[in-house]
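*Asks:* Chains as they are written, first to last, in the numbering used here: chain Y, 1008 to 1358; chain C, 1008 to 1358.
2 protein chains.
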Amino acid sequence: MTSKIAVALMAGAAVLAASQIASANELLEEAKDYFQPIPSVVPAVKDNAVTSDKIELGKMLFFEPRLSSSALISCNTCHNLGMGGDDNLETSIGHGWQKGPRNAPTVLNAVFNIAQFWDGRAEDLKAQAKGPVQAGVEMASTPERVETTLKSMPAYVEAFTKAFPGEEKPVTFDNMAKAIEAFEATLITPYSRFDQFLEGNTKVMTAMEQEGLQLFMDKGCSACHAGVNIGGEGYYPFGVVEKPGADILPSGDKGRFAVTKTADEEYVFRAGPLRNIELTAPYFHSGKVWDLEQAVAIMATSQLGEEMSDEEIKKITAFLKTLTGEQPKVDYPILPVETQETPKPEAMVAK
Amino acid sequence: MTSKIAVALMAGAAVLAASQIASANELLEEAKDYFQPIPSVVPAVKDNAVTSDKIELGKMLFFEPRLSSSALISCNTCHNLGMGGDDNLETSIGHGWQKGPRNAPTVLNAVFNIAQFWDGRAEDLKAQAKGPVQAGVEMASTPERVETTLKSMPAYVEAFTKAFPGEEKPVTFDNMAKAIEAFEATLITPYSRFDQFLEGNTKVMTAMEQEGLQLFMDKGCSACHAGVNIGGEGYYPFGVVEKPGADILPSGDKGRFAVTKTADEEYVFRAGPLRNIELTAPYFHSGKVWDLEQAVAIMATSQLGEEMSDEEIKKITAFLKTLTGEQPKVDYPILPVETQETPKPEAMVAK
Chain Y
1008 MTSKIAVALM AGAAVLAASQ IASANELLEE AKDYFQPIPS VVPAVKDNAV
1058 TSDKIELGKM LFFEPRLSSS ALISCNTCHN LGMGGDDNLE TSIGHGWQKG
1108 PRNAPTVLNA VFNIAQFWDG RAEDLKAQAK GPVQAGVEMA STPERVETTL
1158 KSMPAYVEAF TKAFPGEEKP VTFDNMAKAI EAFEATLITP YSRFDQFLEG
1208 NTKVMTAMEQ EGLQLFMDKG CSACHAGVNI GGEGYYPFGV VEKPGADILP
1258 SGDKGRFAVT KTADEEYVFR AGPLRNIELT APYFHSGKVW DLEQAVAIMA
1308 TSQLGEEMSD EEIKKITAFL KTLTGEQPKV DYPILPVETQ ETPKPEAMVA
1358 K
Chain C
1008 MTSKIAVALM AGAAVLAASQ IASANELLEE AKDYFQPIPS VVPAVKDNAV
1058 TSDKIELGKM LFFEPRLSSS ALISCNTCHN LGMGGDDNLE TSIGHGWQKG
1108 PRNAPTVLNA VFNIAQFWDG RAEDLKAQAK GPVQAGVEMA STPERVETTL
1158 KSMPAYVEAF TKAFPGEEKP VTFDNMAKAI EAFEATLITP YSRFDQFLEG
1208 NTKVMTAMEQ EGLQLFMDKG CSACHAGVNI GGEGYYPFGV VEKPGADILP
1258 SGDKGRFAVT KTADEEYVFR AGPLRNIELT APYFHSGKVW DLEQAVAIMA
1308 TSQLGEEMSD EEIKKITAFL KTLTGEQPKV DYPILPVETQ ETPKPEAMVA
1358 K
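#1: List, in order along the chain, the chain C residues whose C-beta lies closer than 8 Å to that of A1078 (chain Y)?
#2: With a 10 Å radius around its C-beta and 16 neighbouring C-beta atoms as the bar for buried, classify A1270 (chain Y) as buried or exposed.
#3: Any idea if T1329 (chain C) is buried or exposed, counting beta-carbon neighbours within 10 angstroms, 16 or more meaning buried?
#4: For the putative contact between V1052 (chain Y) and V1118 (chain Y), defined by C-beta atoms under 8 Å, what is the C-beta separation to the nearest angstrom?
#5: For P1352 (chain Y), decide whether its Cβ has a neighbour in chain C, counting only Cβ atoms nearer than 8 Å.
#6: State whether the segment 1071-1083 of chain C contacts the segment 1309-1321 of chain Y, with contact taken as three or more CB pairs (one from each stretch) at a distance under 8 Å.
#7: How would you label A1288 (chain Y), buried or exposed, when you count the other beta carbons within 10 angstroms and need 16 or more for buried?
#8: CB-CB under 7 Å to D1059 (chain C), same chain, minus the five flanking residues each way: which ones, in chain order?
#9: Kindly indicate the opening and closing residues of the alpha helix (DSSP H) around F1276 (chain Y).
#10: Can you name the start and end residues of the beta strand (DSSP E) that P1244 (chain C) belongs to?
#11: Is the Cβ of Q1310 (chain Y) closer than 8 Å to any Cβ of chain C?
#12: Which residues of the segment 1268-1285 of chain C have a Cβ closer than 9 Å to any Cβ of chain Y? Give them in chain order.
#13: Please return the same chain residues whose Cβ sits closer than 6 Å to the Cβ of Y1290 (chain Y), not counting the five positions on each side in sequence.
#14: What does L1330 (chain Y) touch in chain C if you count any residue whose Cβ is under 9 Å from its own?
#15: So the alpha helix (DSSP H) G1219 (chain C) belongs to, where does it begin and stop?
#16: By Cβ distance below 7 Å, which residues in the same chain neighbour V1164 (chain C) in space, the five residues on each side in sequence not counted?
#17: Going residue by residue through the segment 1258-1326 of chain C, where are the continuous alpha helix (DSSP H) segments of at least 4 residues, counting only ones entirely within it?
#18: Which residues in chain Y sit within 7 Å of M1090 (chain C), going by Cβ to Cβ distance?
#19: Checking the sheet assignment: what are the DSSP bridge partners for D1093 (chain C)?
#20: Residues in the same chain with beta-carbon distance under 6 Å from R1263 (chain Y), minus the five sequence neighbours each way, listed in chain order, please.
#21: As a quick exercise: from Y:E1154, Y:R1282, Y:L1327, Y:P1350, pick the residue whose alpha carbon is nearest that of P1112 (chain Y).
#22: DSSP beta-bridge partners for N1055 (chain Y)?
#23: Measuring straight from C-alpha to C-alpha, what distance separates A1230 (chain Y) and M1212 (chain Y)?
#24: Just to confirm the assignment, what range does the alpha helix (DSSP H) spanning K1169 (chain Y) have?
#25: With DSSP as the reference, label Q1123 (chain Y) as helix, strand or coil.
#26: Give the residues from the segment 1100-1111 of chain Y that approach chain C closer than 9 Å (Cβ to any Cβ), ordered along the chain.
#27: What in chain Y is Cβ-close to K1336 (chain C), meaning under 7 Å?
#28: Going along the chain, which residues of its own chain have a beta-carbon closer than 7 Å to the beta-carbon of E1037 (chain Y), five neighbours each way excluded?
#29: Would E1096 (chain C) and A1078 (chain Y) qualify as a contact pair, given that the criterion is a beta-carbon distance under 8 Å?
#30: So, is V1344 (chain Y) buried or exposed, given that buried needs 16 or more other C-beta atoms within 10 angstroms?
#31: Hey, which unbroken runs of the beta strand (DSSP E) at 3 residues or more fall wholly within the segment 1129-1214 of chain Y?
#32: Pull up the CB-CB distance for L1299 (chain Y) and F1042 (chain Y), whole angstroms please, since I reckon it's below 8 Å.
#33: Answer with buried or exposed for T1149 (chain Y), where buried requires no fewer than 16 other C-beta atoms within 10 angstroms of its C-beta.
#34: Can a CB atom of chain Y be found closer than 8 Å to the CB of Q1027 (chain C)?
#35: Is it true that the CB of G1227 (chain Y) sits closer than 8 Å to the CB of P1280 (chain Y)?
#36: At the 8 Å Cβ level, is K1358 (chain Y) part of the contact set with chain C, yes or no?
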């Protein structure tokens, strides 16, 4: 290679690099209109001061199988913190090996969602935490049983007393839920490559990933999947343009309609939050799709009425994989030992 | 109180204290003939170098639900490290909510047992680890499925390659078992009050606990429950003197007889290791007894032919509670994400 050609090539590369940087900066400015990075501190939650004592208690409760009547199932069973905060099953397995009705959503970053559950029927995480504990197909317990269980172990009484100072009777089902919410508020996954991009480091995303981000905004995905959680902010019909098949959208599950009883909310669900999406297959409330590219293609046709090219799908998928953040570091908690007053595990039959 | 009386009382107290110390030292010397403290370093295991890479991989595998065909049950499900290394159930709940035949033994300090399982049918922990993975009532998987699963995830291939350097095909079912054994060898609970006593600090055990230890040796408990694990060293008939009722010793489970087919091994079991015994109710292979005092009373009649007084039982129980050591500190592992090649969870039916 002559030196002239080399110089010309280098100049060209410099120009290209400069134009890439310019376009990356434009992309960044556009992205900032839609998305926010995960904050680096634990977010506050409504009506529940997140203290370290409460977090520590909440961690114990999150891993506590004796919140279930079988003494086998804990929050972590279906919201496994080592597996993206969910169970990687189509729908969860619960008490008596019963199959739950919907795919378990991730607990990671759930604090940023507008409301909890696929249909948003729980206002916040403390309301959510009370659901599975009582659901017959999940943990199959009762508030009374939970309170008796927790009161039976002096170490829990002490931990509740510390976590809820000044309360005369701190060991309650409500406070169980508040402590779990406090712990869950710590389960955020900052520092994904997309977060770093949003903070101004445009080099951290490849050209293909940036093109995917551009497509994600241009095609309209970001109309529903925006904010801190790239979703989880609002409710939309699954099949705005074209309903997917019954294999993916079973006719028996009408989503938010069951909550609001409003006819135009049939098949309406909370837009899935897309953070750590590569860790949380299978996808959709039905959990029927294991392949992220296929999930993107289904969203394109059902929500946007668009047949995306394979290349477009690959680019968007590449962008989605930049949403994987630092997973929570958790010391596995040592749980209090039961006493003779602790309710025994229930007969091992389905309810 | 006159100063004379006070002096006399103080002198008496000093004499009493001196005689207590003398008797504590005698007790210590006697105890050393039977028991050894838990070593402060991870013990070596046969044919399996315990390296940090292997421990790290083994920890992931110990918490890996995808070793089960349902993708729900991990080693930790029944050997919960937050609950004394067992599940606090009579007998475990496994695949399809099936009830296992025997109470799950603790994994803590299991490395010190002569062999594994209640009947000693697994020579060591690496042999043991292969059992539950394949048992239809437990994890219901196969070596082939496990290998396919692990090979499908690049992060596992990398971890196996590091843990088993120089091996051409490191991702095998056997190496899974070896890695789990290496991790389990770290699950020791040193520094119990009894260990401190054995190391010479006689003040750490109360007078009642020391009396319990004396009774434990005098009555003959230590004939079977000795060594590092205060048990787990040999095989003995349950009911040497008097068979307990069928509620506690079900006639269908003949223990080691099923392994050796030797008539005189009917109802023979490995003596339960008693470390952390206060954390691992319910007791016996049948898991039918929740109260430690009751368990001591049953052992007294069945193994020693002795009706112990309530006071004796309370003292021995107090001693047994000094066997609770420091529980393992474990960072909850982040598990590799599945790929399209990872076998999907099996249809949710019992096998």
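C-beta atoms are modelled at their ideal positions from N, C-alpha and C, and glycine is treated no differently.
*Replies:* In this structure, then:
#1: Neighbours of A1078 (chain Y) on chain C, chain order: D1094, N1095, L1096.
#2: Around the beta carbon of A1270 (chain Y), fewer than 16 other beta carbons lie within 10 angstroms, which makes this residue exposed.
#3: Taking a 10 Å sphere around the C-beta of T1329 (chain C), we find 16 or more other C-beta atoms and assign the residue as buried.
#4: In this structure V1052 (chain Y) touches V1118 (chain Y) by the C-beta definition: roughly 6 Å separates them, less than 8 Å.
#5: Proximity of P1352 (chain Y) to chain C, defined by a Cβ-Cβ separation below 8 Å, is satisfied.
#6: The segment 1309-1321 of chain Y and the segment 1071-1083 of chain C do not touch, with fewer than three beta-carbon pairs separated by less than 8 Å.
#7: Buried is the call here.
#8: Looking at the sequence shown, residue 1059 (chain C) is not Asp but Ser. Correct list: empty, nothing qualifies.
#9: In the DSSP annotation of this structure, F1276 (chain Y) is not part of any alpha helix (DSSP H); the continuous beta strand (DSSP E) holding it starts and ends at 1275-1277.
#10: Taken as a continuous stretch (DSSP letters only), the beta strand (DSSP E) holding P1244 (chain C) covers 1242-1244.
#11: Not one chain C Cβ lies under 8 Å of Q1310 (chain Y).
#12: Within the segment 1268-1285 of chain C, the qualifying residues are E1285.
#13: Excluding residues within five positions, the ones whose Cβ falls inside 6 Å are V1296, A1302.
#14: Those do not exist, as L1330 (chain Y) stays about 13 Å from chain C at its closest Cβ, beyond 9 Å.
#15: Segment 1214-1225, the alpha helix (DSSP H) holding G1219 (chain C).
#16: Excluding sequence neighbours, V1164 (chain C) sits near K1158, V1178.
#17: Listed in chain order, the complete alpha helix (DSSP H) runs (minimum 4 residues) inside the segment 1258-1326 of chain C are 1264-1267, 1299-1311.
#18: Residues of chain Y passing the Cβ test: L1342.
#19: Paired residues: C:N1087.
#20: Hits under 6 Å: D1126, Y1242, E1272, V1275.
#21: Of the residues Y:E1154, Y:R1282, Y:L1327, Y:P1350, the one whose Cα lies closest to the Cα of P1112 (chain Y) is Y:R1282.
#22: Assignment of beta-bridge partners to N1055 (chain Y) by DSSP yields Y:V1052.
#23: Approximately 22 Å, taken between the alpha carbons.
#24: Element bounds for K1169 (chain Y): 1161-1170.
#25: Strand at Q1123 (chain Y).
#26: Taking 9 Å as the cut-off between beta carbons, the residues of the segment 1100-1111 of chain Y near chain C are I1100, H1102, G1103, W1104, Q1105, K1106, in sequence order.
#27: Within 7 Å Cβ-Cβ: D1338.
#28: Cβ within range, chain order: M1224.
#29: For the sequence presented, residue 1096 (chain C) should be read as Leu rather than Glu. In this structure, L1096 (chain C) places its C-beta atom within 8 Å of the C-beta atom of A1078 (chain Y).
#30: Buried is the label assigned to V1344 (chain Y), since at least 16 other Cβ atoms lie within 10 Å of its Cβ.
#31: Taken in chain order, the complete beta strand (DSSP E) segments of 3 or more residues contained in the segment 1129-1214 of chain Y number zero; there are none.
#32: About 19 Å separates the two Cβ atoms, so there is no contact after all.
#33: Counting Cβ neighbours within 10 Å, T1149 (chain Y) comes out exposed, since fewer than 16 surround it.
#34: Cβ-Cβ to chain Y under 8 Å: no for Q1027 (chain C).
#35: With contacts defined by Cβ atoms closer than 8 Å, P1280 (chain Y) and G1227 (chain Y) do not form a contacting pair.
#36: Residue confidence is low: K1358 (chain Y) scores 46 on pLDDT, short of 50, so the model does not pin down where it sits. No coordinate-derived value is stated.
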